[in-house]
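Protein chains in written order, with the working numbering: chain P, 4 to 359; chain S, 4 to 359. Think of the CB as a built atom: it goes at the ideal place given N, C-alpha and C, for glycine as much as any other residue.
Protein chains: 2
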Amino acid sequence: MATTLKDIARETGVHVATVSRALNGIYGVDQDTRKKIVAVASRLNYRPNRMAKALATGKSHTLGLVVSDIRNPFLTELVRGAEDAAYAAGYHVLLCNSDLDPAKQIQYAHSLLEKRVQGVLMHSVAALSEKQLQELASYGVPIVLLCRPPSALAFSGVSVDNFQGGMLVGNYLIRLGHRVIAHLTGPRHHGNLTERANGFMKAVEANPEVTPIIVHGRHNYQGGYEMTKKLLAQHQNVTAVCAANDATAFGVIRAVFEAGLSIPEDISLIGFDNVELASIVRPPLTTVDQPKYDMGQAAVEILLRLAAHPDNRLPEHRLFGLRLVERQSCRPLKILTSSIINKKSATKFRQPPGVQ
Amino acid sequence: MATTLKDIARETGVHVATVSRALNGIYGVDQDTRKKIVAVASRLNYRPNRMAKALATGKSHTLGLVVSDIRNPFLTELVRGAEDAAYAAGYHVLLCNSDLDPAKQIQYAHSLLEKRVQGVLMHSVAALSEKQLQELASYGVPIVLLCRPPSALAFSGVSVDNFQGGMLVGNYLIRLGHRVIAHLTGPRHHGNLTERANGFMKAVEANPEVTPIIVHGRHNYQGGYEMTKKLLAQHQNVTAVCAANDATAFGVIRAVFEAGLSIPEDISLIGFDNVELASIVRPPLTTVDQPKYDMGQAAVEILLRLAAHPDNRLPEHRLFGLRLVERQSCRPLKILTSSIINKKSATKFRQPPGVQ
DNA sequence: CTGAAAGCGCTAACAG
DNA sequence: CTGTTAGCGCTTTCAG
């Protein structure tokens with residue numbers, strides 16, 4: 004069907020090896036024969052069969068990428084960064100959505116290995132056991148973990164310091180004067196989110212005058228909405244809430260709004276991730292920026308370096324910095340000691356316990 | 004490195020062909036030898052080399068998918084639908100981001116063909132010439148076009164009727180009583196968006212009392228913002244705007260807000276696409292739903308059917324229905340004839356020309 | 001039921 | 001500079 008080296012060889016009257024050399028621009032082919040070969044190749048619309056090439060060379064020029072769900076804007080951005088880096092290096096990426104299902108994750112990983120990808124990027128691997136990961140690694144194909152803390156497992160990876168991120172958020176809110184702060188987090192043992200919660204608590208503990216309220220729930224829009232409903236019903240005195248991530252924060256916005264309150268007038272809100280939407284929503288969301296795109300890119304860079312040196316496979320972990328991006332969902336809280344509170348804000352704004 | 008059929012054959016004392024048969028569950032292998040082979044295979048952690056298999060069988064079990072930018076939420080959803088359908092059928096998908104660059108698009112398509120994908124899904128092919136598409140098609144690999152109208156080109160595809168969608172929007176707004184309606188669209192010859200604009204105009208023309216205002220610009224958040232700034236400055240009397248898509252509508256929201264007006268009180272707004280965000284933004288956006296996920300899924304189904312029948316390659320086009328989803332960004336306009344206008348709305352709401 | 005052999009399309013020494 | 005040969009790992013007749 005498709006034209007092959009052999010076709011060109013026959014047509015040109017030379018051996019396929021020569022055609023191969025000519026087309027691959029290897030030094031050592033007569034200019035005239037090369038010209039002729041190239042001409043025939045283009046006339047016949049020759050397209051090299053990369054699978055055959057890959058089989059022969061052992062290089063598929065393909066990477067695997069498994070994420071839980073590409074529709075998560077955080078992951079979308081990460082994937083784009085990865086794809087761009089791969090493309091720039093002449094690689095393609097096979098995209099897999101695991102839906103956080105460990106079995107599906109493993110299955111995908113195996114399929115990828117069978118397709119002889121030269122490396123695989125994995126996100127949301129928290130649910131995999133160390134044994135499972137080791138098994139995958141045992142095939143000799145480099146694996147880079149996305150958004151997992153640097154571990155003793157000796158896997159390469161890219162991540163941010165979530166603990167520090169949590170502290171960042173906590174301190175920010177405290178510095179603004181908030182004293183009753185709710186933190187909406189995920190399920191009880193979600194690695195990254197728990198780290199954020201811990202960081203937050205660390206900040207709080209350094210300031211005995213602040214009261215933290217930790218709420219567990221689903222860390223998404225719906226979950227944020229539900230957690231906030233509950234929160235608002237039980238704690239009239241919160242003046243600030245920080246959410247596990249932006250998606251959760253969006254749910255908070257809705258719930259706060261439905262409760263007849265305003266952000267940031269009554270409740271200061273801060274998210275985490277800085278997805279695109281954070282700047283579009285109203286009020287524009289103050290949040291912590293994770294360099295998603297760069298992380299995807301870096302992960303591929305590490306992967307390719309690892310793939311290029313089957314010897315010297317020293318794992319590498321890149322830790323990215325976090326940055327608070329202030330928008331309009333937080334406001335400084337006037338404290339008792341700050342003498343003057345004008346009428347308007349006194350009635351319109353929620354005040355910390357004791358103020359009213 | 005990796006264990007191969009040959010390894011298993013040696014270990015088991017049979018020929019590789021037998022091993023192949025045994026492992027592929029082909030009828031005609033002694034139960035005992037099969038058992039032994041399977042045992043050895045699993046002991047050696049055998050993973051078939053799919054590339055070799057693909058080379059031998061001519062089936063790569065891989066599909067190509069080129070979109071402009073996965074970060075476009077519309078496309079994200081589409082991609083997810085496609086990936087799910089592919090996975091369900093035992094296929095993988097290679098994801099490519101072309102950034103709407105025709106050269107990059109063609110280049111990606113060629114790379115995919117060289118990797119012997121069994122089919123390719125392409126979005127945003129408007130910029131490609133018929134000749135270019137034909138060239139790609141000439142390789143005999145089925146191609147399904149995403150979001151292009153059924154054409155004479157005899158390509159398979161999935162799409163919606165954008166013209167009808169435009170009418171749907173126009174009629175809805177007219178029925179609500181709006182008389183000066185702006186339509187924010189894209190560049191002058193953007194196929195789909197132009198169709199929507201045409202459909203909108205069709206609706207308007209059937210109602211002589213309605214004044215349409217067409218604004219061209221970039222069909223994204225920023226563009227929507229800019230177009231609206233201009234619109235509001237030049238036309239004090241608009242009471243409704245429909246945007247080319249949701250992203251544009253989000254820009255409208257911001258601009259309207261900054262102008263000190265409210266949605267839907269002063270301006271009724273309607274989008275197109277129904278991306279997830281549409282229900283999250285405030286006010287929740289009334290829009291036209293495109294079944295993105297289903298379209299991605301359907302496209303893969305068509306592709307696989309085409310791939311399965313190299314003979315009988317009758318192109319198939321699936322046209323999906325559009326559905327108006329009413330949320331809270333539009334309000335009915337009180338007309339002169341509707342006798343009573345209470346004080347509050349008279350001062351607070353914008354009224355059509357002549358009312359104030 | 002199983003072995004032998006050829007082949008998928010390309011690369012990579014190794015000779016000439 | 002170019003042809004020969006072997007081989008990547010698996011499938012698939014064709015014999016036996």
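Hey, how far is the Cα of residue i from the Cα of residue j?
i         : j         : result
Leu327(S) : Leu234(S) : 25 Å
Ala246(S) : Ala185(S) : 8 Å
Ala301(P) : Gln110(P) : 25 Å
Gln121(P) : Leu97(P)  : 11 Å
Asp292(S) : Leu179(P) : 42 Å
Ala44(P)  : Leu187(S) : 49 Å
Lys118(S) : Asn315(P) : 30 Å
Pro248(S) : His222(S) : Residue identity check: residue 248(S) is Asn in the sequence provided, not Pro. About 7 Å.
Val123(P) : Leu116(P) : 8 Å
Arg285(P) : Glu212(S) : 35 Å
Pro355(P) : Tyr228(P) : Any reading at Pro355(P) must be qualified, since the residue scores a pLDDT of 45, below 50, and its modelled position is unreliable; no value is offered.
Val241(S) : Val82(P)  : 41 Å
Thr214(S) : Ser154(S) : 32 Å
Leu149(P) : Val183(S) : 51 Å
Met54(P)  : His193(S) : 37 Å
Pro263(S) : Lys232(S) : First, the amino acid is wrong: residue 263(S) is Gly here, not Pro. Cα-Cα distance, rounded: 12 Å.
Leu176(P) : Arg334(P) : 9 Å
Asp269(S) : Arg257(S) : 14 Å
Under the DSSP definition of a beta bridge, which residues are partnered with residue i?
i         : result
His360(S) : Past the edges of chain S, shown from 4 to 359, lies residue 360(S), and the structure says nothing about it.
Leu97(S)  : Leu97(P) and Gly67(S)
Asp292(S) : Asp276(S) and Arg326(S)
Gly148(P) : The question names Gly, but residue 148(P) is Leu in the sequence shown. DSSP output for Leu148(P) lists Met125(P) and Gly160(P) as bridge partner(s).
Ser271(S) : Ala243(S)
His320(S) : Gly160(S)
Here's the rule: buried if 16 or more other CB atoms are within 10 angstroms of the residue's CB, otherwise exposed. What is residue i?
i         : result
His181(P) : buried
Thr289(P) : buried
Gly61(S)  : exposed
Tyr49(P)  : buried
Ala42(S)  : exposed
Ser271(S) : buried
Asn195(P) : buried
Val303(P) : buried
Met230(P) : buried
Ser132(S) : exposed
Gly28(P)  : exposed
Pro267(P) : buried
His95(P)  : buried
Glu2(S)   : The displayed coordinates of chain S run from 4 to 359. Any statement about residue 2(S) would go beyond what the structure contains.
Ile217(S) : exposed
Arg191(P) : exposed
Gly220(P) : buried
Leaving out five residues before and five after residue i in sequence, what residues of the same chain have Cβ atoms less than 8 Å from its Cβ?
i         : result
Arg13(P)  : none
Pro287(P) : Ala281, Arg330, Gln331 and Ser332
Leu325(P) : Val163, Asp164, Gln167, Gly168, Leu171, Val291, Asp292 and Gln293
Gln135(P) : Pro105 and Ile109
Arg24(S)  : Gly31 and Val32
His312(P) : none
Arg308(P) : Glu319
Asn52(S)  : Ala5 and Thr7
His238(S) : Val183, Ala185 and Ile216
Within the same chain, show all residues whose beta-carbon is closer than 7 Å to that of residue i, passing over the 5 residues directly before and after it, in chain order.
i         : result
Gly84(S)  : Lys295, Tyr296, Asp297, Met298, Gly299 and Gln300
Asp10(S)  : Leu47
Met4(P)   : none
Gly226(S) : Gly220, Thr251 and Gly254
Among the residues of its own chain, which have a CB less than 6 Å from the CB of residue i, if the five just before and after it don't count?
i         : result
Tyr224(S) : Ala250, Phe253 and Gly254
Ala57(S)  : Ser63
Gly173(S) : Phe203, Ala206 and Val207
Val19(P)  : Leu8, Lys9 and Ala12
Quiz item: So, do the segment 126 to 137 of chain S and the segment 63 to 75 of chain S have three or more beta carbon pairs nearer to each other than 8 Å?
Solution: yes
Self-check item: Stretch-stretch touch, CB-based, cutoff 8 Å, three pairs: the segment 198 to 206 of chain S with the segment 133 to 150 of chain S
Solution: no
Quiz item: Are three or more beta carbon pairs between the segment 28 to 47 of chain P and the segment 95 to 111 of chain S nearer than 8 Å?
Solution: no
Quiz item: Would you call the segment 183 to 200 of chain S and the segment 154 to 171 of chain S in contact, with 3 or more CB pairs under 8 Å?
Solution: yes
Quiz item: Would you say the segment 267 to 285 of chain P touches the segment 72 to 86 of chain P, given that touching needs at least three Cβ pairs under 8 Å?
Solution: yes
Quiz item: Should the segment 158 to 167 of chain P be called in touch with the segment 308 to 320 of chain P, which here means at least 3 C-beta pairs below 8 Å?
Solution: yes
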